[in-house]
Amino acid sequence: MNIYINDQKLETKLNGETHLGEVLDEIQKWIESNGKYLRHFTVNGQEINRSEVETWGVEKAERIDLVVGEELDIIEDSLVELDRYVDVVGSTLVGRDSLTEKENSDLKEGIPWIESMLLSTKKLLHLNLSSIKPMGKGKNVEEIIESLKLGSQNLDSTNAIEAFLEDLRDLKLFLIDLSARLNVIRKDDEELFEIIGQFVKDKDKVKKDFMLVNENFQSGKDYLATEILTDAVGRLNSLISALVSLQSRHTENKWSEILIDGKSLGELTSSLNETLNGIASAMEKNDIVYAGDILEYELPELLEGMVPFLEKILESVKN
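Numbering (this note's numbering), first residue to last: 582 to 900.
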C-alpha cells in the first residue's frame, strides 16, 4: 500500500492494522498531532465514503491519497458545503406548502449543523454575529439562526415556508460575505497592505458612494441605492478582514497601543459596525430620513477618522 499526503509519498509501514479504517484512524491521529486537518481522501483514485472502506482489508487499497490543510482550509471547505446545502434546501422548499416527515427530520438535523459551522467560522474570523446584519430584513446573524431553528419546527403552511425562505436568503447573503472575507484573509501581507492603502487613497470616493446611496433612496431609486450600498459595505468588510488578518499574523506589534484620538482598532471597528447596523435598522423600518442622516453625515465622519489610524497601522506593520 502506497500512502500520499498532498502528493508527497509517506514513508511508513503498517503496524499490525488489517482494515483500512484502522489505517485511516492512525493517519488522521498523526495529521492532527501536527496541527493539520484531513480535508478529503481517495482510495485507488476514487473518492469513497469513510463508512464504505471502514472494514476493507488493507490488501484492497493499492494507493491512498490524502489532502491535508490548515484550519482555514477546513473552514473554507465547510462554507462551500454549507452554501451548497442552503441552495438545496431553498430549491426544495420553493412552491411547497408542507414537507414530508423525512424532509422535516432532515431539516431539523441540518439547522444545528449550520449553527455549528458558523460558530467555528466566527472564532476564526473574530466575528460578532450579533452585530452583523446581511442586507435582508434587518435581522442580525444570530437572530437569523434562531429564526431558522424556530421556523424548522413548524413548516406546515405556505406562509411558514415563505418566512423560512426569507431567513434562508438572508443567510445566503451572509455566506457570500464570509467567502469574500476568507478570500481577503488568504492574501499575503503585501496584498493586505494594498487593500488598506487603496482604502486610504479612495476615502473620498468611498464617502461619496455612501452619500450617493442616500441620494438614490431620496429619489426613489431603491434598487440602485441598495446596489451601491452592498458594494460599499463589501469594501468596508474587506478592509476589516485585512486588519484582522494582519493583527493575527503580526502579534509582535502592540496593537492595543495604536491609538488615534484615544480610540483603539477594536473601538473603531465596533463603531463602524454599529453605524452600519443603524443604517440596516432604519432601512428595515423604512425610515429613509434617519438612514440618510447616517449615510450623509455620521458614516463619512467615521470613515475620515479611520484614515490616520490606518496610516499608522501600515507604518507600524511595515517597519
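Think of the CB as a built atom: it goes at the ideal place given N, C-alpha and C, for glycine as much as any other residue.
{"query": "Identified DSSP bridge partners for L619", "result": "V649"}
{"query": "Given V781 as reference, the closest of M792, L820, A806, L752 once Cα atoms are compared", "result": "L820"}
{"query": "Closest Cα partner of L840 within the set L849, E833, S822", "result": "L849"}
{"query": "Length-filtered (4 minimum) alpha helix (DSSP H) runs lying within the segment 833-889", "result": "846-865, 869-874"}
{"query": "Beta-carbon proximity of P881 to F798, cut-off 8 Å", "result": "no"}
{"query": "Beta-ladder partner(s) of G638, from DSSP", "result": "H600"}
{"query": "Separation of K641 from S686, as counted between CA atoms", "result": "36 Å"}
{"query": "Selected residue, minimal CA-CA separation from V794, among E808, K784, L846, D751", "result": "E808"}
{"query": "Check whether L895 and L853 have beta carbons under 8 Å apart", "result": "no"}
{"query": "Close beta carbons around H621, own chain, < 6 Å, minus the five adjacent residues each side", "result": "V648"}
{"query": "DSSP-derived helix/strand/coil call for V675", "result": "coil"}
{"query": "Three-state class that DSSP yields for G717 in the structure shown", "result": "Any reading at G717 must be qualified, since the residue scores a pLDDT of 48, below 50, and its modelled position is unreliable; the value itself is stated next. Coil, per DSSP."}
{"query": "Supposed close pair L660, L759 - CB separation, criterion 8 Å", "result": "6 Å"}
{"query": "Three-way DSSP call (helix, strand, coil) for E696 in this model", "result": "helix"}
{"query": "Where V604 falls, given that 16 or more other Cβ within 10 Å makes a residue buried", "result": "buried"}
{"query": "Euclidean distance between Cα positions of K594 and K610", "result": "15 Å"}
{"query": "Closest residue to Y618 among I656, E771, N735 (Cα-Cα distance)", "result": "I656"}
{"query": "Residue range of the beta strand (DSSP E) that includes N583", "result": "583-586"}
{"query": "One or two residues paired with V624 in a DSSP bridge", "result": "Q627, I645"}
{"query": "Helix, strand or coil at K594 according to DSSP, with G and I counted as helix", "result": "coil"}
{"query": "Backbone secondary structure at Q799 - three-state DSSP", "result": "helix"}
{"query": "Opposing strand residues paired with Q589 [DSSP bridges]", "result": "I586"}
{"query": "Terminal residues of the alpha helix (DSSP H) in which K753 lies", "result": "739-766"}
{"query": "Secondary structure of L708, DSSP reduced to three states", "result": "coil"}
{"query": "Helix, strand or coil at T681 [DSSP, three-state]", "result": "coil"}
{"query": "Whole-Å CB distance - S733 paired with K683, under 8 Å assumed", "result": "Between K683 and S733 the Cβ distance is about 14 Å, and since that is not below 8 Å, they are no contact."}
{"query": "Member of I586, M887, I860 whose CA lies at the smallest distance from the CA of E877", "result": "I860"}
{"query": "Pair within 8 Å by beta-carbon distance, R762 and S851", "result": "no"}
{"query": "D769 - DSSP class collapsed to helix/strand/coil", "result": "coil"}
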